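Working notes, structure below.
Right, dumping it as structure tokens:
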């Protein structure tokens, strides 16, 4: 119900390998010695991010980590758990010196090859049989050697994994002369030939792994892709083919949730996509393509080996614990909210009517339930926002973050616009990110300080205004360190009910499912789609996801909610009446009631049993709950005939159910789920079970469509005949009612009457694990009420919204302590000090107050007022636009988060990691061209420095420093220290001492490591070590800072880098200077060496 249904039509795309480079999920979150870092991965995909993060953390600390991984496809999760358990089983051998052989075997036989040798197939099946033997039940798994380190959430997940592993172990004939192998290789070749037109585009996607050298390795990537799809194996790294001939099909890459006779692997699958190989790409222009292809393949193999050895070491040392769940990401996230007793959690009654056939609340085992009851330090959502929508994702995940300044939520899109990330973000949110921050309590960190630290190089080959760029957003709670401390922060905002209702109505129209009906008819694609209010309309929402959003907002916003929701319902009803979609309002109001948000009248508590309804008598209708789940069974013969008659195939679109009484009083409901399967009932037909058929379209099972129907639809005079008909979704047709009706009649799939005992069933929820009947409650149970009582120790936050739903004004008030203030006395004016874009300090005689806004603001003013004998302190401000092209580049960073004031002797060296260092002098030209491709570096091509914005100027300066540093590497003599002096009004204010240039494997760009000091002999001696700095020739570069504003921007930029350095510190246990977590001082003690002996900073 939270995600729209789609028919599994046999062309499901299987993503066994990731299509973006791996990311270190703990790079922005310091870990603790006493508590494990808890990470939630929704839509986790393959294992690359887990492996990479573990390997990075093993090299940094001895802390433990707990990963909860969730994926909707059992085949993907089965591959991951297979790999984790294989490494766990062989961890001692890997530690004992057999690591190279075992990891090489993993690369060859399991993870990346389409075809493997028969010896490798035996090895793979041997471990698969071990997994099968341990996965017969949750108890057997928990008692297995893997149970202590890898948990399975429930029996349904374990059963899905068991099926996949059984196919590995005892499945088809994968060997040389097997029919399946012949069919598999034939389809592989056919897909390769058909995809030659998109060969360049697919290679562009993989080029992200080369970072700034993407353009130079395109030919090599295409060479690897061609070899992979024509030979079924990764490119050999030497002239001799490694191992025996690959003859058997790899079970781990051939089975998915799609039809077993269809090669469902995505056409762009490439073994290189998840790795990082910028160093191996440096010399691509100076050697044959085949050599570069071998070099980047070897780099991928070596990185994979490092990941596996790190994971094996960690799991052997009991530092890694995993929890695996197979299911929908949104439903799982909302279930965790329920386990954590979050006020925003959806009630049980709301979750009865989801797409699960049983209707049960997720049955999570006791051990996993206890662990999932704790909040998470990191939540990774991959690119789920491209599918289920950011407005559905944020309410589901933001409540699960640990209330800590270092907690982080990652979202990613592969469809960002090429101009700037910010515009795409605003389109995804439907409102300004500042407004979203106030409502959801999280904000992208880069939009706070005006500097986007994580910026990807634009994908090569993308064209202007295209939505094809990868971009990751790092969200932090609005009480994070970048916004100041939690002191003086109000987490609840007060809104005008009419303004908030207008915002919700705006969101509803943007989130309304775009019921695109796409048909392939006679070779042509006929698509009808509704016109949405934003360009970013790839996400599909449901009525339930909109209700979940309101439920989340209900906890964070104070208003007259009865008035707000009533106005919203009236607006939606009027909107639907104009489009003849009144049934949508009925469905919405029922869901609002089930979520405790709207009193639509009493709902009947008694649910009817599973089974048929022969006659809709008065006794039957009075026993119906407020919302009924109906299942319609479409016979296979009817379905086949309908397909053949129209010569078309539905392309993964939902159905619409039409319920009416003798062609009047029509109601339309979107399908909750649609699948091929069977309905099994007992002899009395009072109970039944729905079972899906794994063969899907290739089988001969009936088509089953389930819908949620409001009971009032069925409460008409009993002498009338109720009809139900199924159509492909049509709500997006931008045509008049008569044309829509014609379309429906022409595309009708199936029609019957409600009392059809063979094809119509009404379903109810099954008892949960504790025997409780999850039925509709008979009384309205409103959501928890937020309190906005006036207290003298808290701020009251009020937000004004304009007609576009944007926050146009913010005010904060608080009740001051009672004083002997005379009625005639005038209130004293508070002294206001703006400490950061989000924090202010106010001073009154004898008292000092701090206030923190939930977003960056400007134009801050304050006053004291006396109302009804009470004295109040009032602060007003205007939210700052997040458009980077305007004011965000000039925005002051909250420096107090990095110290009480900016210290000229502060160090701003970004912490080194295990990322490769740029070493080849010949990369100068590629770096220069890449800098000009980077966002923020485009302005200086046409603008004079004096006309640039603050961010463009900083970008130009950093680029110049990088190029100057590379120039020093070209000198014949020993490298000489480079000193970049920033001069303002004849005085050197800041000095940069570049140390190294590294590849940023996360963003694809570069990292400049530098020490920032003042110009002094002490500073130079620290840079030069034990050598007499007077004997070393310094290469000075002077940069004039034209205005005081530019100087402020420069210092703010340094503060951003310092804060990043504090969060990502990576000192080892043997370093001379030890620092825990983010508590690294920004100033050094007298005589202390600024460089640690490990070379990782001070």
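Numbering (UniProt numbering), first residue to last: 1 to 1098. Glycine included, C-beta positions come from ideal geometry on N, C-alpha and C. Model, not experiment: these values are computed from the prediction.
**Which of helix, strand or coil DSSP assigns to residue 319** = Counting from one through the chain shown, the residue named residue 319 turns up at place 319. Note: residue 319 maps to coil in three-state DSSP.
**Request:** Measure the Cβ-Cβ separation of residue 854 and residue 438 and say whether it is below 7 Å.
**Result:** Taking the first residue of the chain shown as position 1, residue 854 is located at position 854. Taking the first residue of the chain shown as position 1, residue 438 is located at position 438. For residue 854 and residue 438, yes; Cβs fall inside 7 Å.
**Message:** I'd like to know whether the C-beta atoms of residue 411 and residue 350 end up nearer to each other than 7 Å.
**Reply:** Counting from one through the chain shown, the residue named residue 411 turns up at place 411. Counting from one through the chain shown, the residue named residue 350 turns up at place 350. Cβ distance not < 7 Å, so residue 411 and residue 350 don't count as in contact.
**Message:** Using a 10 Å radius around the Cβ and a threshold of 16 neighbouring Cβ atoms, would you call residue 190 buried or exposed?
**Reply:** As a working note, residue 190 is residue 190 in the chain shown. Residue 190 should be labelled exposed.
**Asked** Around the Cβ of residue 1040, are there at least 16 other Cβ atoms within 10 angstroms (buried) or fewer (exposed)?
**Response** Reading the chain shown from its first residue, position 1040 is the one you call residue 1040. Burial call: exposed.
**Request:** Find out if the Cβ-Cβ distance for the pair residue 671, residue 705 is shorter than 7 Å.
**Result:** As a working note, residue 671 is residue 671 in the chain shown. As a working note, residue 705 is residue 705 in the chain shown. Closer than 7 Å, so yes.
**Request:** Take residue 586 and list the residues in its own chain whose beta-carbon comes closer than 6 Å to its own, dropping the five residues that flank it on each side.
**Result:** Taking the first residue of the chain shown as 1, we reach residue 586 at position 586. Excluding sequence neighbours, residue 586 sits near 710.
**Prompt:** Would you report the Cα separation of residue 39 and residue 250, rounded to the nearest angstrom?
**Reply:** The sequence position of residue 39 within the chain shown is 39, counting from 1. The sequence position of residue 250 within the chain shown is 250, counting from 1. When rounded, the distance between both Cα atoms is 31 Å.
**Asked** Measuring CA to CA, which of 138, 1046, 699 and 748 is closest to residue 954?
**Response** On the chain shown, position 954 is the one that residue 954 refers to. For residue 954, the nearest C-alpha among the options comes from 1046.
**Item:** Paired residues, beta bridge with residue 692 - DSSP
**Value:** In the chain shown, the residue the question calls residue 692 occupies position 692. DSSP lists 677 as partners of residue 692.
**Prompt:** Got a sec, what are the start and stop residues for the beta strand (DSSP E) residue 850 sits in?
**Reply:** By one-based count along the chain shown, residue 850 stands at place 850. Start and end: 847 to 852.
**Prompt:** Hey, out of 842, 493 and 36, whose CA is closest to residue 552's CA?
**Reply:** The residue given as residue 552 occupies position 552 in the chain shown. If we check each option's Cα against that of residue 552, 493 comes out closest.
**Rounded separation between residue 796 and residue 502 - CA only** = As a position in the chain shown, residue 796 is number 796, starting the count at 1. As a position in the chain shown, residue 502 is number 502, starting the count at 1. The straight-line gap from Cα to Cα measures roughly 22 Å.
**Prompt:** Of the choices 571, 543, 639 and 159, whose alpha-carbon is the least far from that of residue 592?
**Reply:** Along the chain shown, one-based indexing puts residue 592 at 592. Cα-wise, what sits closest to residue 592 is 543.
**Asked** Could you check where the beta strand (DSSP E) with residue 807 kicks off and where it finishes?
**Response** Your numbering for residue 807 matches position 807 in the chain shown. First-last of the beta strand (DSSP E) with residue 807: 807 to 815.
**Prompt:** Using a Cβ-Cβ cut-off of 7 Å (strictly less than) and excluding sequence neighbours within five positions of residue 811, which residues of its own chain qualify?
**Reply:** On the chain shown, position 811 is the one that residue 811 refers to. If we look at residue 811 and ignore the five residues flanking it on each side, its Cβ neighbours are 798, 874, 875 and 876.
**Asked** Is residue 389 helix, strand or coil by DSSP?
**Response** Taking the first residue of the chain shown as 1, we reach residue 389 at position 389. Residue 389: coil per DSSP, three-state reduction.
**Request:** Under 8 Å by Cβ, that's how I've got residue 52 and residue 100 pegged, so tell me the actual separation to the nearest angstrom.
**Result:** Position 52 of the chain shown, counted from the first residue, corresponds to residue 52. Position 100 of the chain shown, counted from the first residue, corresponds to residue 100. With a Cβ gap of about 19 Å, residue 52 and residue 100 do not count as contacting.
**Asked** What whole-angstrom Cβ distance do residue 1132 and residue 548 have, given they're in contact under 8 Å?
**Response** The question about residue 1132 has no answer here: the residues shown for the chain are numbered 1 through 1098.
**Item:** residue 1114 versus residue 638 - alpha carbon distance
**Value:** Residue 1114 is absent from the structure shown; the chain starts at 1 and stops at 1098.
**Message:** My assumption, with CB atoms under 8 Å, is that residue 309 sits in contact with residue 94. Please give the rounded CB distance.
**Reply:** Here residue 309 refers to the residue found at position 309 of the chain shown. Here residue 94 refers to the residue found at position 94 of the chain shown. About 6 Å separates the two Cβ atoms, so the contact holds.
**Request:** Could you tell me the distance, in whole angstroms, from the CA atom of residue 236 to the CA atom of residue 294?
**Result:** Along the chain shown, read from residue 1 onward, the residue named residue 236 stands at position 236. Along the chain shown, read from residue 1 onward, the residue named residue 294 stands at position 294. When the Cα atoms are used, residue 236 and residue 294 turn out to be separated by approximately 7 Å.
**Prompt:** When we look at the beta-carbon of residue 292 and count the other beta-carbons within 10 Å, is it buried (16 or more) or exposed?
**Reply:** For the purposes of this step, residue 292 is taken as residue 292 along the chain shown, with counting starting at 1. Buried, since its Cβ has 16 or more Cβ neighbours within 10 Å.
**Item:** Cβ neighbour criterion (16 or more within 10 Å) applied to residue 987
**Value:** As a first step, residue 987 must be located in the chain shown, where it is residue number 987. By the 10 Å Cβ count, residue 987 comes out exposed.
**Item:** the region 336 to 349 in contact with the region 78 to 85 per 3-pair CB rule at 8 Å
**Value:** They do not touch, by the three-pair rule.
**Item:** For residue 168 and residue 125, believed in contact at Cβ under 8 Å, the rounded distance
**Value:** The residue labelled residue 125 in the question sits at position 125 within the chain shown. The residue labelled residue 168 in the question sits at position 168 within the chain shown. The pair is a contact, with the Cβ atoms about 6 Å apart (cut-off 8 Å).
**Item:** CA-to-CA distance, residue 79 to residue 158, given in whole angstroms
**Value:** Looking up residue 158 in the chain shown gives position 158. Looking up residue 79 in the chain shown gives position 79. Going from the Cα of residue 158 to the Cα of residue 79 covers about 13 Å.
**Message:** I'd like the span of the beta strand (DSSP E) that includes residue 714, first residue to last.
**Reply:** Position 714 of the chain shown, counted from the first residue, corresponds to residue 714. First-last for residue 714: undefined, no H or E at that position.
**Prompt:** Which residues share a DSSP beta bridge with residue 377?
**Reply:** To locate residue 377, count along the chain shown from 1; it is residue 377. Partner(s): none; residue 377 has no beta bridge.
**Asked** If you pair each beta-carbon of the region 25 to 33 with each one of the region 367 to 378, do three or more pairs fall below 8 Å?
**Response** yes
**Request:** Jot down the residue ranges of each uninterrupted beta strand (DSSP E) in the region 405 to 443, minimum 3 residues, whole runs only, in chain order.
**Result:** 408 to 417
**Prompt:** If residue 445 sits next to residue 42, beta carbons under 8 Å apart, how far is it from one beta carbon to the other, in whole angstroms?
**Reply:** To locate residue 445, count along the chain shown from 1; it is residue 445. To locate residue 42, count along the chain shown from 1; it is residue 42. With a Cβ gap of about 20 Å, residue 445 and residue 42 do not count as contacting.
**Request:** Indicate whether residue 54 and residue 314 have their beta-carbon atoms separated by less than 7 Å.
**Result:** Start at 1 with the first residue of the chain shown, and residue 54 comes out as number 54. Start at 1 with the first residue of the chain shown, and residue 314 comes out as number 314. Closer than 7 Å, so yes.
**Asked** Anyone know if the C-beta pair for residue 981 and residue 1038 falls short of 7 Å?
**Response** As a working mapping, residue 981 is identified with position 981 in the chain shown. As a working mapping, residue 1038 is identified with position 1038 in the chain shown. In contact: residue 981 and residue 1038 (Cβ atoms closer than 7 Å).
**Request:** With a 10 Å radius around its C-beta and 16 neighbouring C-beta atoms as the bar for buried, classify residue 985 as buried or exposed.
**Result:** Your numbering for residue 985 matches position 985 in the chain shown. With fewer than 16 other CB atoms across the displayed protein chains lying within 10 angstroms of its CB, residue 985 is exposed.
**Asked** Does the region 219 to 237 come close enough to the region 112 to 119 to have 3 or more Cβ pairs within less than 8 Å?
**Response** yes
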